[in-house]
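If you're matching positions, the sequence shown starts at 1 in full-length UniProt numbering and goes up one per residue. Even for Gly, the Cβ is constructed at its ideal location relative to N, Cα and C.
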Amino acid sequence: MLLVIAASLVLLLAVGGKLLAIQAMDTAQLAQRALASRLVTKTLPAARGVITSANGTVLADNAQRYRLVVDQRNVARYKDSAGTTVGAWGAAQALAGPLDTEAGLLYPKLNGDKLWNVVASGVTSEVWEKVRDLDIPGISQEEYAIRSYPAGALGGNLVGFVGSDGQPLGGLELQYEDSLKGTDGKEQYERGLSGDTIPLGANSTQQPVNGTGLQLSLDSDVQLYLQQAIAAAVKQRKAEWGTIVIEDVETGRIIGLADAPTVDPNNPGKTAANERGSRALTDVFEPGSTAKMITASALVQEGKVAPDTQFTVPYKWKAPNDEEFKDSHEHEDEKLTFAGILQQSSNTGTILAGQRLSPQQRYDYLHAFGFGASSGIGYPGATAGILHEPGSWDGRTAYTVMFGQGVAATAMQTTSAVATIAGGGTKMPQQLVSGTVDDSGRVTEIPPGQGTRVISEETSKKVVSMLESVVTDGTGKSAAIPGYRALGKTGTAQAPAADGKGYDGYTASFVGAAPAENPKIAVSVVLQRPRKGYYGGTAAAPVFSDVAGYTLRHLGVAPSTEKPDTPAGEWK
Numbered sequence: 001m002l003l004v005i006a007a008s009l010v011l012l013l014a015v016g017g018k019l020l021a022i023q024a025m026d027t028a029q030l031a032q033r034a035l036a037s038r039l040v041t042k043t044l045p046a047a048r049g050v051i052t053s054a055n056g057t058v059l060a061d062n063a064q065r066y067r068l069v070v071d072q073r074n075v076a077r078y079k080d081s082a083g084t085t086v087g088a089w090g091a092a093q094a095l096a097g098p099l100d101t102e103a104g105l106l107y108p109k110l111n112g113d114k115l116w117n118v119v120a121s122g123v124t125s126e127v128w129e130k131v132r133d134l135d136i137p138g139i140s141q142e143e144y145a146i147r148s149y150p151a152g153a154l155g156g157n158l159v160g161f162v163g164s165d166g167q168p169l170g171g172l173e174l175q176y177e178d179s180l181k182g183t184d185g186k187e188q189y190e191r192g193l194s195g196d197t198i199p200l201g202a203n204s205t206q207q208p209v210n211g212t213g214l215q216l217s218l219d220s221d222v223q224l225y226l227q228q229a230i231a232a233a234v235k236q237r238k239a240e241w242g243t244i245v246i247e248d249v250e251t252g253r254i255i256g257l258a259d260a261p262t263v264d265p266n267n268p269g270k271t272a273a274n275e276r277g278s279r280a281l282t283d284v285f286e287p288g289s290t291a292k293m294i295t296a297s298a299l300v301q302e303g304k305v306a307p308d309t310q311f312t313v314p315y316k317w318k319a320p321n322d323e324e325f326k327d328s329h330e331h332e333d334e335k336l337t338f339a340g341i342l343q344q345s346s347n348t349g350t351i352l353a354g355q356r357l358s359p360q361q362r363y364d365y366l367h368a369f370g371f372g373a374s375s376g377i378g379y380p381g382a383t384a385g386i387l388h389e390p391g392s393w394d395g396r397t398a399y400t401v402m403f404g405q406g407v408a409a410t411a412m413q414t415t416s417a418v419a420t421i422a423g424g425g426t427k428m429p430q431q432l433v434s435g436t437v438d439d440s441g442r443v444t445e446i447p448p449g450q451g452t453r454v455i456s457e458e459t460s461k462k463v464v465s466m467l468e469s470v471v472t473d474g475t476g477k478s479a480a481i482p483g484y485r486a487l488g489k490t491g492t493a494q495a496p497a498a499d500g501k502g503y504d505g506y507t508a509s510f511v512g513a514a515p516a517e518n519p520k521i522a523v524s525v526v527l528q529r530p531r532k533g534y535y536g537g538t539a540a541a542p543v544f545s546d547v548a549g550y551t552l553r554h555l556g557v558a559p560s561t562e563k564p565d566t567p568a569g570e571w572k
């Protein structure tokens with residue numbers, strides 16, 4: 001009896017202890033598990049920041065879409081208008097119309113015992129309203145945003161694009177991802193067996209923080225004109241590609257930057273992968289004779305020559321190391337001033353004058369004007385170009401760098417170089433993003449950077465005068481702008497072959513500024529491997545005349561009223 005009583009007491013104590021644990025100690029855990037079974041966590045996506053042009057054209061924005069999801073256990077209770085339970089098959093038939101599909105395709109997604117299953121994605125608000133009005137139990141929506149590009153290909157090569165998963169894949173979308181993407185929020189709420197929210201249940205919301213948008217320095221009207229102009233030039237000259245860059249001389253801001261071919265970020269797959277970015281920032285070329293303006297600036301700044309310094313210029317010239325150089329066209333010995341050497345774009349004349357500079361000076365000025373250095377814009381894939389130290393130059397490169405061979409630059413760099421000369425000798429940091437945009441659309445300006453002096457104002461005036469004579473009396477006559485005085489330099493350089501062995505075709509370019517008496521804009525035009533007219537003065541200079549003239553008129557710049565006073569090109 002004592003053993004039975006003892007065993008009974010042990011059993012009673014065990015049962016009592018378990019009851020005490022359940023009622024007093026495990027209550028919180030059981031309640032937590034019950035709450036977890038009812039609790040739903042929903043992501044509240046942050047809106048990606050917009051990208052606009054300087055004059056407000058929206059280049060990148062967000063479009064709201066919905067993802068339809070279903071609790072399959074609840075959809076089985078669906079009744080038709082007559083009150084008859086028709087379940088998943090009836091729901092499939094009802095949804096087929098608004099979703100523009102077949103009931104047979106929807107039924108497998110609705111039938112079953114899953115608590116969550118995707119029925120359709122990419123649903124617009126109009127379609128969701130029709131679905132909601134069907135009042136199908138278990139059907140709900142999850143809102144998300146897709147990236148849209150309302151202006152299509154306008155600025156598309158710069159803006160870039162995002163993938164179907166919302167991840168940036170190129171351009172400014174990738175460069176400014178951290179500020180554009182924002183931070184997602186979340187919402188938690190209790191859901192009953194029917195799938196409806198329990199009004200007095202545990203609910204909490206953490207609001208998303210939307211991304212910060214960008215305002216570009218691009219003028220959308222100028223940008224459209226440039227894209228049409230370079231596309232027409234590439235087609236007319238049968239070139240591989242082309243670029244135009246226009247920079248505000250005073251601020252360094254990029255007013256327009258066009259590439260051909262272009263890309264529409266709404267459908268980037270239609271454009272070859274190597275043509276989706278901006279070649280003006282990522283592709284290099286030998287600048288050719290446009291680099292002579294840097295040699296000229298260095299010579300004048302160092303006091304080695306003046307615009308009227310006289311030279312007898314041969315067709316061929318042999319260096320002390322037996323390297324031979326020649327001009328593009330055969331001619332008798334010519335009596336040219338240094339201004340005349342620039343006018344006629346003479347290679348031999350440039351060497352005769354340029355050898356007064358040491359190799360280190362030649363390098364230093366090329367680098368000071370931006371060659372071999374980053375633009376500072378930070379665009380994905382942007383390059384600093386190619387400029388080797390003078391210690392690695394061979395016997396030929398030491399001379400060819402003076403007329404733009406043996407060195408490679410981007411269109412952005414050549415634009416900056418001519419802007420520096422035209423802008424009084426101060427190199428301004430180039431700027432593509434001029435402000436940030438908050439949720440309300442308010443723009444906070446990013447001021448222009450501080451400039452760096454490269455040459456004196458006096459040197460700038462002398463070189464500007466010589467470059468104006470290139471347009472009035474030299475190889476750049478096709479660059480003349482009706483109503484405005486212009487300055488600039490033609491360039492025709494051999495284009496390296498794709499396999500790195502020798503050269504294949506030419507790069508035609510023109511860089512310039514206007515109006516010459518008070519430069520406002522600097523312009524670079526590049527056509528790669530044109531097969532129909534490959535000289536810079538033939539292929540690129542007319543494009544400069546067209547786009548520079550349009551931009552000046554669009555910006556309201558008054559036409560020139562004074563006649564140019566350019567230096568003589570010859571002497572007797």
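{"Item": "Terminal residues of the beta strand (DSSP E) in which D259 lies", "Value": "254-260"}
{"Item": "Cβ neighbour criterion (16 or more within 10 Å) applied to G476", "Value": "buried"}
{"Item": "The stretch 461-475 touching the stretch 520-531, judged by at least three CB pairs closer than 8 Å", "Value": "no"}
{"Item": "Status (buried if at least 16 other CB within 10 Å, exposed otherwise) for T43", "Value": "exposed"}
{"Item": "Backbone secondary structure at F371 - three-state DSSP", "Value": "coil"}
{"Item": "Straight-line Cα distance separating L218 from A145", "Value": "26 Å"}
{"Item": "Whole-Å CB distance - A540 paired with F510, under 8 Å assumed", "Value": "4 Å"}
{"Item": "Span separating the alpha-carbon of G16 from that of A7", "Value": "14 Å"}
{"Item": "Residue of G569, G163, Q310, W128 minimising C-alpha distance to L352", "Value": "Q310"}
{"Item": "Simplified DSSP state of K270, which is helix, strand or coil", "Value": "helix"}
{"Item": "Enclosing alpha helix (DSSP H) for E324 [first to last residue]", "Value": "Not the alpha helix (DSSP H): E324 falls in the beta strand (DSSP E), residues 324-326."}
{"Item": "A231 versus A272: straight-line alpha-carbon distance, rounded", "Value": "16 Å"}
{"Item": "Three-state secondary structure assigned by DSSP to Q236", "Value": "helix"}
{"Item": "Same chain, Cβ closer than 7 Å to T383, neighbours up to 5 away in sequence not counted", "Value": "T282, V284, T410"}
{"Item": "Pairwise C-alpha distance: G512 and T415", "Value": "8 Å"}
{"Item": "Nearest to E458 (by Cα), restricted to the options V86, A76, A495, A298", "Value": "A298"}
{"Item": "Residue(s) in a DSSP beta bridge with Y503", "Value": "P496"}
{"Item": "Candidates K326, E143, I521, V401: closest to M293 by CA position", "Value": "V401"}
{"Item": "Segments assigned beta strand (DSSP E), at least 3 residues, entirely inside the stretch 103-147", "Value": "117-123"}
{"Item": "Nearest residue (CA-CA) to K326, options Y315, D333, L336, E332", "Value": "Y315"}
{"Item": "Nearest-angstrom Cα separation, counted from G406 out to P359", "Value": "13 Å"}
{"Item": "For P41, the three-state DSSP class (helix, strand or coil)", "Value": "In the sequence under discussion, the amino acid at residue 41 is Thr, which differs from the Pro named in the question. In this structure, T41 counts as strand in the three-state DSSP scheme."}
{"Item": "Of the listed residues G395, V305, E177, Y363, nearest to residue 654 (C-alpha basis)", "Value": "A query on residue 654 cannot be resolved here, the shown segment of the chain reaching from 1 to 572 and no further."}
{"Item": "With 16 other Cβ atoms within 10 Å as the buried cut-off, status of G213", "Value": "buried"}
{"Item": "Minimum C-alpha distance to G166 - residue among E126, D438, A46", "Value": "A46"}
{"Item": "Proximity below 8 Å, CB of residue 574 to CB of V70", "Value": "What the structure shows of the chain is the stretch from 1 to 572, and residue 574 is not part of that stretch, so it cannot be assessed."}
{"Item": "N-terminal and C-terminal residue of the alpha helix (DSSP H) that R73 is part of", "Value": "72-75"}
{"Item": "Stretch pair the stretch 52-59 + the stretch 76-92: three plus CB contacts closer than 8 Å", "Value": "no"}
{"Item": "Other residues of its chain near G378: CB distance less than 7 Å, five sequence neighbours each side excluded", "Value": "Q175"}
{"Item": "For N157 and K270, the rounded distance between their alpha carbons", "Value": "13 Å"}
{"Item": "Reduced DSSP secondary structure (H/G/I, E/B, other) of L387", "Value": "coil"}
{"Item": "Neighbour-count burial assignment, Q206, 16 or more Cβ in a 10 Å radius", "Value": "exposed"}
{"Item": "Where E457 falls: helix, strand or coil (DSSP)", "Value": "helix"}
{"Item": "DSSP-derived helix/strand/coil call for T348", "Value": "helix"}
{"Item": "Boundaries of the beta strand (DSSP E) in which F311 is found, first to last residue", "Value": "310-313"}
{"Item": "Contact check, L216 vs I244, beta carbons under 8 Å", "Value": "no"}
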